[in-house]
Each structure stands twice: as structure tokens, then as C-alpha cells.
Amino acid sequence: MGTLVHDNVQRYYGSLVHVDRKTSAASVQSSRSIPPSAFNALQQIHPHVCKRYTGCGLVVPEKLQGCKILDLGSGSGRDCYILSKLVGRTGHVIGVDMTPELILASRKYIRYHQEKFGYEKPNTIFVQGYMERLDEIGIKKESLDILVSNCALCLCPDKRAVLKEAFRVLKDGGEFYLSDIYSSVAVPETLRHDAVLWGEGMSGALYWRDLISLVKEVGFSTPYLVTANRIVVHNSELQRKANGISYVSATYRLFKLPSNRIRRSAVVVYKGTVPDHPDHLNFDALHSFETDVEVTVDAEMASVLRSCRFSNDFSIQDTDTPVPRQHCTSHCHLNPFLLADRFLKKDVPKTCEERRPLNSII
1179 MGTLVHDNVQ RYYGSLVHVD RKTSAASVQS SRSIPPSAFN ALQQIHPHVC
1229 KRYTGCGLVV PEKLQGCKIL DLGSGSGRDC YILSKLVGRT GHVIGVDMTP
1279 ELILASRKYI RYHQEKFGYE KPNTIFVQGY MERLDEIGIK KESLDILVSN
1329 CALCLCPDKR AVLKEAFRVL KDGGEFYLSD IYSSVAVPET LRHDAVLWGE
1379 GMSGALYWRD LISLVKEVGF STPYLVTANR IVVHNSELQR KANGISYVSA
1429 TYRLFKLPSN RIRRSAVVVY KGTVPDHPDH LNFDALHSFE TDVEVTVDAE
1479 MASVLRSCRF SNDFSIQDTD TPVPRQHCTS HCHLNPFLLA DRFLKKDVPK
1529 TCEERRPLNS II
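Numbered per our numbering, the sequence shown spans residues 1179 to 1540.
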């Protein structure tokens, strides 16, 4: 099935340059404001690159100066070029995509953006390859600071292989900033053989609970839900085929934690030193750190902050103080549909532990 899916997706996106998408995935309104530096970078991207954009979110995490970043499923190259501006002269960005037409189109604008950003030499390359087999294109173990992916995992038939490769190539403390399409239930096998549904990310979308299980199996931290938006299916035929399945675009942060990490909760204080975030750092939908304000976090969040690139932006003191329970055992706080509905100010399902007020679980 893998080869057939790859071939179908290559054909779909190789011919999609001037074709409208059949869902709102590439045009959803973000529930987060764009940081000034990312907005300024976006304004400098060549219009032809932006026109070919087919992602479902803005994969621009904070504090990127000097980082080495890999974009899985780089598509038109838009996100790579935004990141290339933000990592600066000392950073490096690699875009990987399996579609030859997209790689060739992306490469055309390397010199343009190098000159636009005032760099002496390019800091971005594009490589044709498969997300499941990064070793085949020379991506070495523990060689990257950050991975990003924008609406590409849903196009891949073997999600576990992608996540395992992501874990392999990240350094300890590294982050996988993952924006993708997720389904409200597991997509039935009957929908997995439709080329258009695959191309639109609907057949291959992960059930959001399966993502949580998969990332933990591979070795990542608990995923941290950043933002989520409902996807509207414009095409009536696709609506009929979906048969009541709902879709959402959502961004999660996954971290590769050191095996010898300290497993204790901590009192942390954000110093206000992350660029664009002098007053507070919205880490995810559940954690917002105000400058110079003490916050008690659980052992896993403490490990993330100790080991990731934000470690110098926090003072961290171990504690035995119990951490107040902030989320429900059924992973309500990781449910992208609840977060998307909060953004839209809609009513949420009143089942299970979700009967509690939404602001108490997200």
C-alpha cells in the first residue's frame, strides 16, 4: 500500500500548483497570533512560493536563531524560507519532499531568498526523499535541533516509521513541531483507497488519540497541544464519502527527552528572554508562563524545560510540592476538537470528564 499511496500523492501534488484545495486545510484561521519576526519573514517570501502553499498551519516555533531544522514534507518551500530567515546566517534549514516537481520549484528561489535576507551564502537546501527513510538522504542520528512538518504526516502511509525517524535524527532536548490533520474517529479502511481523499489528507489523517499513543511508543514526550482549527470540506462528494467524520488541523509539540533526565516537578520562572515574547511565553494551550512569575510544573514539563533550547530562558528549581491537576485522565486537554471549538466559541460535547468547563481542562 505504501508505494501506491506515495505514487498517488506525488501525482496529486505534482499537478496541484494551480488547483484549489477541496477543504479549508490550507486557509484555516490560526487561533494564535503570528509573532512579529515570523510575520516579517512571511512578508519577504516570494509570491510564487506562497501561491503554491498547501500546508495547514504555521510551523514556526520560538527561538530559532542558529538552529538546524528539518522540514518533513516541505511542499512549496514556504515554511523553509520563513525558517531560513529566523535561524539566521548561522542556522541551517533542510526541506525534504518526495514530489520531484515541488523540490524543483522550491530550489528556484534559493538565491532569491539568500539575497533578500542579506546572506553571504544560502542556508537552505531541498532534497527529494521520503520522511520514513531519512537515512537514505544522509540525515544522521541526533544531528538536528528541530523538526517541523506541515500537513504532511497525513499523506504518509506509515506514521510510526516517520515518528521513529524523527526521534532518531533529533538531538536530546530537540523538538518536533508537528502541524497536521486529525480525525474525530479512526478513519475506516474503506476510505483508504481513494486517491483524492488521500491527497486532501482525509484518508490518511490520524485519529487524534492514536497520535498520543504512537508518540509515546516511539519515545517522545507527551504531545503538547498548541493550536487547533476546524476544517471545512467544501466538496459535496468528499463530504458524502467522509460520512460524518470531522477533521481538524492541529499543532503539537513533541520533545526528545534525555534518558538520564531528572524526574521531579519544579518551580520555574520565565525570564522574558525569548525573542518576540518579553511578557509571557505561551508554550501550549495549557501552559502560559508570565515573566518573573513562579509556576509549579510536573516532572515531564520540568524535564522539557531543562533539556530543550529554552533552558536558559527559565530559572528551574526542583521541588517536592505536588502539582495541581490541570488535565483529565482521558486526555481532554490534548483533544484538538475541544480546543478548536473553544476558539470558535461553540458548545462542547458533554460526555465523560468533558462535562467540566472547557477552561478547566485546556
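Heads up, the beta-carbon is just placed ideally off N, CA and C, and yes, glycines get one too. All figures in this text were calculated on a predicted structure; none of them were measured in a lab.
A distance below 9 Å separates the beta carbons of alanine 1463 and alanine 1406. The beta carbon of aspartate 1496 sits closer than 6 Å to the beta carbons of Arg1442, Ala1444 from its chain, once the five residues preceding and following it are set aside; these are given in chain order.
As the crow flies, the alpha-carbon of aspartate 1519 is around 12 Å from that of serine 1427. Proximity to histidine 1226 across Leu1280, Gly1377, Pro1214, Cys1234 peaks at Leu1280, based on C-alpha coordinates. For alanine 1364, the secondary structure class from DSSP, reduced to helix, strand or coil, is coil. Close CB contacts of isoleucine 1288 within its chain, under the 7 Å cut and outside five residues either way in sequence, are with Pro1300, Thr1302 (chain order). Leaving aside the five residues that flank lysine 1349 on each side, the residues in its chain whose CB is nearer than 8 Å to its CB run, in chain order, Glu1320, Ser1321, Leu1322, Asp1323, Lys1434. Here aspartate 1249 is not near valine 1265, since their CB atoms are 9 Å or more apart. For the pair methionine 1380 and leucine 1416, the CB atoms are nearer than the 9 Å cut-off. Contact between the segment 1485-1492 and the segment 1445-1465 is present: three or more C-beta pairs spanning the two stretches fall below 8 Å.
DSSP places phenylalanine 1304 in the strand class (E or B) of the three-state scheme.
Taking the CA atoms as reference points, phenylalanine 1467 sits about 26 Å from cysteine 1234.
Following the DSSP letters along the chain, one finds glutamine 1495 inside the beta strand (DSSP E) bounded by residues 1492-1496. For histidine 1455, the three-state secondary structure derived from DSSP is coil. Look at alanine 1463 here: in three-state DSSP terms it is coil, with no helix or strand label. By the CB criterion at 9 Å, tyrosine 1425 and tyrosine 1360 fall inside the cutoff.
By the beta-carbon neighbour count (other beta carbons within 10 angstroms, threshold 16), aspartate 1313 is exposed.
Looking at Thr1268, His1509, Val1326, the one whose alpha-carbon comes closest to that of arginine 1256 is Val1326. For glutamate 1320, the secondary structure class from DSSP, reduced to helix, strand or coil, is coil. If you look at alanine 1283, you'll find it in the alpha helix (DSSP H) that goes 1278-1285. Closest in C-alpha terms to arginine 1311, from the list Glu1298, Pro1335, Asn1328, Gly1296, comes Pro1335. Looking at the backbone, the Cα of leucine 1432 and that of cysteine 1486 are separated by about 11 Å.
Residue range 1270-1275 is occupied by the beta strand (DSSP E) that includes isoleucine 1272. Secondary structure note for tyrosine 1430: it is in no alpha helix (DSSP H), and the uninterrupted beta strand (DSSP E) holding it is 1425-1433. Considering only Val1238, Pro1366, Cys1510, the residue with the shortest C-alpha distance to asparagine 1218 is Val1238.
For arginine 1370, the three-state secondary structure derived from DSSP is coil. In this chain, lysine 1449 is not harboured by any alpha helix (DSSP H), its DSSP state being neither H nor E. Bridge pairing for phenylalanine 1354: Leu1325, Leu1432 [DSSP].
Bounds of the beta strand (DSSP E) holding glutamate 1472 are 1472-1475. Taking every protein chain shown into account, the CB of serine 1391 has fewer than 16 other CB atoms within 10 angstroms, so this residue is exposed.
For secondary structure counted as the beta strand (DSSP E) over 3 or more consecutive residues, the segment 1225-1269 holds these complete runs in sequence order: 1246-1250.
With contacts defined by Cβ atoms closer than 9 Å, serine 1362 and threonine 1429 do not form a contacting pair.
Bounds of any beta strand (DSSP E) do not take in asparagine 1421, whose DSSP letter is neither H nor E. If you ignore the 5 residues before and after leucine 1459, its C-beta comes within less than 6 Å of the C-beta of Tyr1448, Val1452, Phe1467, all in its own chain and listed in chain order.
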